[in-house]
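In the numbering used here, the protein residues as written are 45 to 581.
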Ligand code: TEU
């Protein structure tokens with residue numbers, strides 16, 4: 045009997061950051077109706093699944109990752125009818141939709157927390173983590189992870205902002221409440237979830253174990269049994285602290301705990317180890333290649349991988365790994381090497397038109413809580429404004445959150461109103477209308493690349509074999525199965541590079557510069573990328 049391939053293995057997932065995608069009512073905030081109006085844009089790219097960052101009711105301290113009511117849509121985004129309509133229209137177009145599930149913490153304005161903090165014997169007290177004394181654990185967004193609350197003279201735990209108290213997953217009553225929420229949305233017809241920082245739900249705070257804690261597997265198992273089992277859905281867990289090996293283990297087996305994981309080993313390589321994201325280090329391509337090679341080998345026939353370079357927390361891939369001087373070339377090159385690998389491909393909104401990071405002069409133009417906090421902390425430490433801004437330009441989360449650049453009209457066609465975050469001034473040059481009108485645009489390239497992926501099974505199941513492993517500027521590898529062999533090549537160099545193609549027979553499947561003739565001894569231009577089929581098919 046032929047092995048049945050799970051649909052999400054061959055799906056293209058597109059992340060929409062609702063605040064910044066499309067504003068339908070001109071209030072400056074993107075919304076659900078705006079997303080619904082652009083479904084054809086996504087369908088035409090080849091998108092199978094839309095992942096929606098949170099749209100639940102929220103005070104927006106962390107742009108919706110601080111939820112006040114899990115069962116309501118925030119008025120900024122519309123209402124429940126708009127949500128149902130988005131799900132319906134997405135399904136009509138034969139796409140699916142997954143939501144973001146943020147259950148490590150809630151907003152401090154969630155009624156559970158308001159009850160919890162009101163007195164020590166309130167029935168909701170144990171929904172959150174309270175201690176008489178703080179420990180040394182720090183918040184991801186800077187400062188202590190403990191906040192004093194005078195009502196009960198105790199401290200609550202918040203790994204993110206102080207408006208995001210952590211839920212107490214040790215409490216079985218709380219867990220039941222969460223499962224009911226998950227089932228509410230699945231019963232409404234959504235097709236799965238991206239689970240925010242889900243590596244944290246097994247933590248043991250008193251022993252300072254946060255990611256991948258002692259209870260992680262049992263909690264994921266319970267969630268699976270109570271909510272996911274038997275449903276035709278996909279799940280992807282964001283697990284910033286998980287090892288490659290554990291990511292493979294959690295996603296393997298007949299009924300994996302999660303279908304795939306966002307694992308961050310490749311993401312942290314441009315940081316000074318152990319010093320956090322703001323301590324910048326030049327990326328060593330060899331290290332980068334090694335992480336991917338390890339991941340590809342670990343996941344081969346054992347677990348499943350997600351392929352991503354960007355999301356709403358990460359800088360724009362072109363600015364980070366490519367070159368804004370060779371913007372279109374490097375956007376295409378990065379897509380080629382990333383999506384040539386085994387795993388489910390993820391595109392973050394704007395990546396498909398080569399959007400870049402932003403450099404605002406004034407710190408007040410930044411809206412991200414993490415960026416604002418770190419600016420205060422670092423400048424108070426005496427680090428000069430310019431130096432802090434350089435780190436923010438490189439790593440700040442607003443780089444990827446500026447409004448989507450649809451065209452060259454006012455506010456890039458995102459909104460007639462005042463955008464909640466300024467549009468990147470380069471929208472006159474970089475926008476979807478311009479890119480789509482160019483047959484050699486980034487969008488057209490992404491589209492073709494995804495068509496090639498889907499129509500050649502070697503991309504789904506083929507083995508990963510590195511090529512030019514020791515080269516510090518070229519990322520190249522084969523994918524090979526019993527029937528087929530392809531060679532994927534991408535140059536990370538802003539200079540010409542020499543390349544040896546050790547085959548007589550090959551067919552060019554795609555390249556980002558068609559004027560380049562493929563020969564045994566060849567020279568490739570900066571940021572060149574191509575995929576060759578080896579031999580004759
Ligand atoms: O992010 C979790 C996380 O640990 C990081 O991605 C982190 O936000 C980033 O590295 C900070 O530099 C998730 C969400 O994706 C993020 O937007 C939220 O702020 C965070 O959880 C809290 O919900």
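Even for Gly, the Cβ is constructed at its ideal location relative to N, Cα and C.
- Ligand 1 approaches residue 241 closely enough that one of its heavy atoms is under 6 Å from the residue's Cβ.
- Per DSSP, residue 365 is one residue of the alpha helix (DSSP H) stretching across 361-365.
- Using a Cβ distance threshold of 7 Å, residue 278 and residue 305 do not count as a contacting pair.
- Nearest neighbour of residue 172 by Cα position, chosen from 53, 148, 526 and 100, turns out to be 148.
- Taking 7 Å as the cut-off, the Cβ atoms of residue 76 and residue 122 count as close.
- Between residue 300 and residue 250, the alpha-carbon positions lie close to 29 Å from each other.
- Residue side-chain check: residue 85 keeps its Cβ at 6 Å or more from all non-hydrogen atoms of ligand 1.
- Excluding five sequence positions before and after residue 561, none of the CB atoms of its chain fall closer than 7 Å to its own CB.
- CA-CA distance, residue 342 to residue 476, rounds to 37 Å.
- Residue state for residue 216 is assigned as helix, using DSSP reduced to three classes.
- The Cβ atoms of residue 292 and residue 347 lie closer than 7 Å to each other.
- Distance from the C-beta of residue 192 to the nearest heavy atom of ligand 1 is not below 6 Å.
- For the pair residue 211 and residue 133, the CB atoms are not nearer than the 7 Å cut-off.
- Between the alpha carbons of residue 269 and residue 243 lies a distance of about 18 Å.
- Bounds of the alpha helix (DSSP H) holding residue 433 are 429-439.
- The Cβ atoms of residue 87 and residue 137 lie closer than 7 Å to each other.
- Boundaries cannot be given for residue 275, as no beta strand (DSSP E) includes it and DSSP labels it neither H nor E.
- Using a cutoff of 6 Å, the CB of residue 284 counts as near ligand 1, since one of the ligand's heavy atoms is closer than that.
- Across the structure, residue 307 and residue 287 are spaced so that their CA atoms are roughly 8 Å apart.
- Nearest neighbour of residue 290 by Cα position, chosen from 271, 261, 315 and 178, turns out to be 261.
- Within the same chain, Cβ atoms closer than 8 Å to the Cβ of residue 259 are found at 213, 214, 245, 246, 247 and 248, the five residues on either side in sequence being excluded.
- Residues 329 and 517 of the same chain have their beta carbon placed closer than 6 Å to that of residue 536, with the five preceding and five following residues left out of the count.
- Contact between the segment 453-463 and the segment 367-379 is absent: fewer than three C-beta pairs spanning the two stretches fall below 8 Å.
- Under the three-state reduction of DSSP output, residue 445 falls in the coil class, being neither helix nor strand.
- About 21 Å separates the beta carbons of residue 183 and residue 158, which is beyond the 8 Å limit, so they are not a contact pair.
- Contact check for residue 99 against residue 56 fails: the beta carbons are separated by 7 Å or more.
- For residue 109, the CB falls within less than 6 Å of some heavy atom of ligand 1.
- Apart from the 5 residues on each side of it in sequence, residue 468 sits with its Cβ closer than 6 Å to the Cβ of 402 and 446 in its chain, given in chain order.
- For residue 448, the closest of 51, 63, 564 and 228 by C-alpha to C-alpha distance is 63.
- In the structure shown, residue 290 adopts helical secondary structure according to DSSP, grouped into three states.
- Scanning the segment 474-556 for uninterrupted alpha helix (DSSP H) segments of 4 residues or longer gives 476-480, 486-499 and 502-505, listed from N- to C-terminal end.
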